[in-house]
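Going by this note's numbering, the sequence shown opens with residue 952, and the numbers climb by one from there.
One structure below.
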Amino acid sequence: MSGRRPGAYTGGMGMSSMLKEGSKHFSGVEEATLRNIAACKELAQTVRTSLGPNGMNKMVINHLEKLFVTSDSATILKELEVQHPAARLLVLASKMQEEEMGDGTNLVVILAGELLVKAEELLHTGVHTSEIIAGYNKAAAVALKALEEQVCHTVDDMHDPVKVAHAIRSVIASKQYGLEDFVAPMIAKACVSVMPADGKLNVDNIRVAKILGGVSGATDIVRGMVLLREPLGVLQR
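What follows is the structure, encoded as structure tokens:
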């Protein structure tokens, strides 16, 4: 009696014969490219409604049963643990945007999804993928040039809290809508107070201490150390 070891080469032809049992191999526009586009479109659709100051929060429960309620795309995609190779590229792009700029993660994913939607339409008309990539590269160069011409405000002094607050106000509004007029000057003052002469800010020099029972209007800036402690009294909980 003879048997065959699972995953052993059986002498067949094609890529499938060289892979272990259960593996799938896709090739060509119909099988590979469009499948990847569909996965990225679905991922972009997930975070689309979270874009902007009026975007809706998403409730995510990860594998540790921990609950997250947020509209930040980087956090949502991180906790979803996306496994699809093409979709993971969007996750990495969102993560890089978060590390480099600290904002705009939703825009990165949604913009990439829309570009892929237009690319899919071109693929159906017979345009080759290399031509689409070349066209997008040319469009990116034109877009970057146009953005330079659309600058509406420039901060010429990074050590001026008023000018810095005016620049970050719209960013704060996307996270703390309705409190931007109060929070933006507070953040600007804190950042300017620890900013070196070269203008390179180290965020680790600023600490946010949350006091139980406090309100946003009681926020203040303290130069030095803030040590939190339990409330004084006989009732602890």
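Don't be surprised by glycine CBs; every beta carbon is placed ideally from N, CA and C.
Subject >> Status (buried if at least 16 other CB within 10 Å, exposed otherwise) for Thr1105 >> reply: That one is exposed.
Subject >> Ile1012, enclosing beta strand (DSSP E) - first and last residue >> reply: First-last of the beta strand (DSSP E) with Ile1012: Lys1009 to Ile1012.
Original post:
Taking 7 Å as the cut-off, is the CB of Leu1073 close to at least one heavy atom of the ligand ADP?
Top reply: In the structure on display, the ligand ADP does not appear, and there are no ligands present to speak of.
Subject >> Local conformation of Leu1018 per DSSP, three classes >> reply: strand
Original post:
Cβ atoms of Leu1098 and Ile1061: under 8 Å apart, would you say?
Top reply: No, they are not a contact pair.
Original post:
By how many angstroms is the C-alpha of Asn987 removed from the C-alpha of Ala1070?
Top reply: 12 Å
Original post:
Should Glu1032 go down as buried or exposed, given a rule of 16 or more other Cβ atoms within 10 Å for buried?
Top reply: exposed
Original post:
Is there at least one Cβ from chain B nearer than 8 Å to Asp1054's Cβ?
Top reply: Given the protein chain composition of this structure (a single chain), no chain B is represented.
Subject >> Rounded straight-line distance, which links the Cα of Ala1037 to that of Leu1043 >> reply: 10 Å
Subject >> Limits of the unbroken alpha helix (DSSP H) element including Ser1125 >> reply: Pro1112 to Lys1126
**OP:** Over the uninterrupted alpha helix (DSSP H) stretch that includes Gly1003, give me the two end residues.
**Re:** First-last for Gly1003: undefined, no H or E at that position.
Subject >> As assigned by DSSP and simplified to three states, the class of Lys1075 >> reply: Correcting the residue type first, residue 1075 is His in the shown sequence and not Lys. Helix, per DSSP.
Original post:
Is Thr1105 helix, strand or coil by DSSP?
Top reply: coil
**OP:** Ignore the nearest five residues each way along the sequence and tell me which others in Met1010's own chain have a CB closer than 6 Å to its CB.
**Re:** Same-chain partners within the cutoff: Val1020.
Original post:
Can Val1102 and Lys992 be called in contact, C-beta distance under 8 Å?
Top reply: no
Original post:
Is the stretch 1116-1123 touching the stretch 1082-1095 in the sense that three or more CB pairs, one from each, lie closer than 8 Å?
Top reply: no
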